[in-house]
Amino acid sequence: MKEKSILLVEDNPQDEMLTLRALRKANLINRVDVARDGQQALDYMFREGEFSNRDGPDLPAVVLLDIGLPRLSGLEVLERLRADQRTQLIPVVILTSSDDEHDRLKSYENGCNSFVRKPVEFAEFAETVARLGVYWLATNEPPPAERS
Numbered sequence: 150m151k152e153k154s155i156l157l158v159e160d161n162p163q164d165e166m167l168t169l170r171a172l173r174k175a176n177l178i179n180r181v182d183v184a185r186d187g188q189q190a191l192d193y194m195f196r197e198g199e200f201s202n203r204d205g206p207d208l209p210a211v212v213l214l215d216i217g218l219p220r221l222s223g224l225e226v227l228e229r230l231r232a233d234q235r236t237q238l239i240p241v242v243i244l245t246s247s248d249d250e251h252d253r254l255k256s257y258e259n260g261c262n263s264f265v266r267k268p269v270e271f272a273e274f275a276e277t278v279a280r281l282g283v284y285w286l287a288t289n290e291p292p293p294a295e296r297s
């Protein structure tokens with residue numbers, strides 16, 4: 150069985166720390182790699198730039214993607230992931246502080262699998278992240294590796 154990993158794309162160090170802590174607290178021992186801007190996320194996914202020699206699984210089981218990122222926005226990252234056959238079926242969860250309806254609409258139009266607002270309170274944030282991790286890593290059945 151292939152190792153399932155998460156790619157967390159988050160530019161806020163506090164939210165990154167809280168997310169990693171929440172996943173550990175939920176006893177999810179899966180690998181979590183972090184990209185801190187949109188370009189870095191794409192480089193990770195396509196093994197380019199600083200990630201051209203990265204170890205680990207080819208692609209993550211799920212991408213937790215913030216919208217407000219430097220260099221390339223989360224929406225731009227999502228568009229590029231959906232446009233490439235290698236990544237178009239990877240689950241992408243928008244995990245954001247945004248409560249803008251336009252962001253939610255554009256996220257779904259661009260192919261996100263889920264749109265989740267980051268709760269402000271730590272306990273609620275931790276519970277939300279833990280539920281996301283358990284669902285996407287343990288409950289969800291990914292598409293078959295082979296396409297018809």
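Counting in the working numbering, the sequence shown runs from 150 upward without gaps.
Heads up, the beta-carbon is just placed ideally off N, CA and C, and yes, glycines get one too.
In this text the structure is predicted, and so the values were computed from the model without any measurement.
Phe264: member of the beta strand (DSSP E) spanning Ser263 to Arg266, first to last residue. Annotation: Leu238 to Arg253 spans about 19 Å, alpha carbon to alpha carbon. Around the beta carbon of Asp215, a 10 Å sphere encloses 16 or more other beta carbons of the protein chains shown; the residue is thus reported as buried. Burial check for Gln163: the Cβ neighbour count within 10 Å stays below 16, so the residue is exposed. In this structure, DSSP gives Ala190 a helical state, which the three-state scheme calls helix. Contact annotation: Ala272 and Val226 have beta-carbon atoms that are not nearer than 8 Å. In this structure, the beta-carbon distance from Val265 to Leu281 falls below 8 Å.
Cβ-Cβ separation between Val158 and Leu218: approximately 7 Å, consistent with a contact (criterion under 8 Å). Taking 4 residues as the minimum length, the alpha helix (DSSP H) runs contained wholly in the region 167 to 251 are 187 to 194 and 223 to 232, in order along the chain. Pro209 sits close to Ser154, with the two beta carbons spaced by under 8 Å. Residue pairing by DSSP puts Val158 in a beta bridge opposite Ala184 and Leu214. Residue burial is scored here from C-beta neighbours: Met194 has at least 16 other C-beta atoms within 10 angstroms and is therefore classed as buried.
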